[in-house]
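Residues in the sequence shown are numbered consecutively from 59, following our numbering.
We put the CB at the ideal spot given by N, CA and C, even for glycine.
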Amino acid sequence: MRKIIHCDADCFYAAIEMRDNPALLGKPVAVGGDARRRGVIATCNYEARKFGIHSAMPTNRALALCPSLILITPRMEAYREASLQMREIFQDYTDKIEPLSLDEAYLDVSDCSRHKGSATLIAEEIRARIKASVNITVSAGVAPNKMLAKIASDWNKPDGLFVITPSQIDDFVKELPVKKIHGVGKSLAEKLAALNIHTCADLQTWTVFELTKKLGSFGARLFELSRGIDYREVNGNRRRKSVSVENTFSQDLHSLEACFSELPNLLKKLELRLSRLDNSYQINKLFVKVKFTDFTATTMERSGTLLDEAAYRELLETAYHRKHIAVRLLGVGVTFIDRDQNVISQLSLFDDNA
Ligand code: DCP
Ligand code: MG
Numbered sequence: 059m060r061k062i063i064h065c066d067a068d069c070f071y072a073a074i075e076m077r078d079n080p081a082l083l084g085k086p087v088a089v090g091g092d093a094r095r096r097g098v099i100a101t102c103n104y105e106a107r108k109f110g111i112h113s114a115m116p117t118n119r120a121l122a123l124c125p126s127l128i129l130i131t132p133r134m135e136a137y138r139e140a141s142l143q144m145r146e147i148f149q150d151y152t153d154k155i156e157p158l159s160l161d162e163a164y165l166d167v168s169d170c171s172r173h174k175g176s177a178t179l180i181a182e183e184i185r186a187r188i189k190a191s192v193n194i195t196v197s198a199g200v201a202p203n204k205m206l207a208k209i210a211s212d213w214n215k216p217d218g219l220f221v222i223t224p225s226q227i228d229d230f231v232k233e234l235p236v237k238k239i240h241g242v243g244k245s246l247a248e249k250l251a252a253l254n255i256h257t258c259a260d261l262q263t264w265t266v267f268e269l270t271k272k273l274g275s276f277g278a279r280l281f282e283l284s285r286g287i288d289y290r291e292v293n294g295n296r297r298r299k300s301v302s303v304e305n306t307f308s309q310d311l312h313s314l315e316a317c318f319s320e321l322p323n324l325l326k327k328l329e330l331r332l333s334r335l336d337n338s339y340q341i342n343k344l345f346v347k348v349k350f351t352d353f354t355a356t357t358m359e360r361s362g363t364l365l366d367e368a369a370y371r372e373l374l375e376t377a378y379h380r381k382h383i384a385v386r387l388l389g390v391g392v393t394f395i396d397r398d399q400n401v402i403s404q405l406s407l408f409d410d411n412a
């Protein structure tokens, strides 16, 4: 049996803003983009959540729900710094740390001897240390696997701890609504509800064969998850090799100019995605993807270290002229330097700049 802790900071960006400006305490606060620029909410504090505001909601809608909402522009540097401080605390307990975002990580503490190996006491100590040194609260879940640890960290949020021991798994999952399972989004939950499946106990009455027939390969996965079975390892060196965003247009784009005009918006989205990664990632290539109206696709890449719009325009121009027909999808992305190959890549980067 493994011992997994899932840590997740409470209303992370908003918590950092309240920490750095105590005048915000007790008031509804959101971090996000300007309503006049069609911005969205990145997150909000728990006072603001009472008004129905949540992540990814358009800012103008949030302001309509709560006119006294205090809106703050994100300060990614401050969030990254807090994230690194948390990471350093985690490292005192294990090397098996898998960050999921700036404020969230799985820790496998099976081999940690602190607190006589009690994952519960380790989690409590981690929470207390983060509160003392970073000055924000973190919720944690402790369980024998990733699936259950993640559900547990959400159970007593905010500033909460929830533990699921091996002997509690069966009772815990029986009551568990299927929509709490990671990977069961709104549409799958509706599909399951139509089959009269609401809890994991309901799921457990189905055979693997039946679930696979109804739901495809995820059906087999649900067979396991509904029993609290999850063999996934905490993957300490899972690194992204690239990040990209793309858009399929409701109406094809009929000229290079029309494609160019979509670039700023795509690059803005890409920038947002990049800002959520920690700062150990270094860009080494830029690429574009173009899918034409005949469904053929092409990509173009070049070296680069910044989201340079002029460079993307050149890539797009070349890719577009390969076919010179209407475009149904555009994508932009970057690839990263492989950390293990860092030295070699640094040398070639130097050449590129020379
Ligand atoms: N974030 C974002 N856009 C989203 C979701 C999240 O920019 N659609 C950012 C802001 C969050 C941070 O990522 O502060 C962490 O995401 P979480 O889902 O953990 O949300 P919070 O930490 O804000 O709230 P919770 O207390 O529910 O964990
Ligand atoms: Mg969080």
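8 Å Cβ cutoff met for residue i and residue j
i	j	result
Ser313	Val231	no
Met144	Val192	yes
Thr117	Val87	no
Leu328	Leu373	no
Val221	Asp66	no
Val346	Thr354	no
Ala207	Tyr164	yes
Val266	Ala278	yes
Asp68	Lys189	no
Ser302	Val390	yes
Residues that residue i bridges to, as DSSP identifies them
i	result
Phe394	Ile341
Thr356	Val348
Ser300	Thr393
Ser245	Paired residue(s): none; Ser245 is not in a bridge.
Ala120	In the DSSP output, where bridge partners are listed per residue, Ala120 has none listed.
Ser225	DSSP output for Ser225 lists no bridge partner at all.
Val98	Pro116
Ala186	Answer is none; Ala186 lacks a bridge partner.
Glu156	Tyr164
Gly40	Past the boundaries of the shown model lies residue 40; the chain is included only from 59 to 412, so the question cannot be answered.
Cys65	Ala163 and Ala198
Asn305	Leu388
Ile128	Val87
Leu280	DSSP, once it has assigned bridges, lists no residue as partnering Leu280.
Heavy atom of ligand 1 within 7 Å of residue i beta-carbon
i	result
Thr178	no
Thr306	no
Pro216	yes
Ala210	no
Ser113	yes
Ser159	yes
Thr101	yes
Ala120	no
Ala81	no
Ala384	no
Ala198	no
Contact belief for residue i with residue j at Cβ below 8 Å, rounded distance in angstroms
i	j	result
Ser168	Lys237	Not really, about 29 Å apart at Cβ, beyond 8 Å.
Ala377	Val348	4 Å
Leu253	Leu280	With 8 Å as the limit, Leu253 and Leu280 do not qualify as a contact, their Cβ atoms being about 11 Å apart.
Ser333	Val392	At roughly 13 Å, the Cβ-Cβ gap does not stay under 8 Å, so Ser333 and Val392 are not in contact.
Gly362	Ala368	Actually they do not touch by this definition, with Cβ atoms about 10 Å apart.
Ile180	His173	5 Å
Met59	Pro322	Between Pro322 and Met59 the Cβ distance is about 51 Å, and since that is not below 8 Å, they are no contact.
Cys258	Leu234	5 Å
Ala210	His112	Rounded, the Cβ-Cβ distance is 21 Å, inconsistent with contact.
Residue i Cβ short of 7 Å to ligand 3 heavy atom set
i	result
Ser319	Within the structure as shown, ligand 3 is missing, the only ligands being ligand 1 and ligand 2.
Task: Residues near ligand 2, criterion Cβ-heavy atom distance below 7 Å - done: Asp66, Ala67, Asp68, Cys69, Phe70, Asp161 and Glu162
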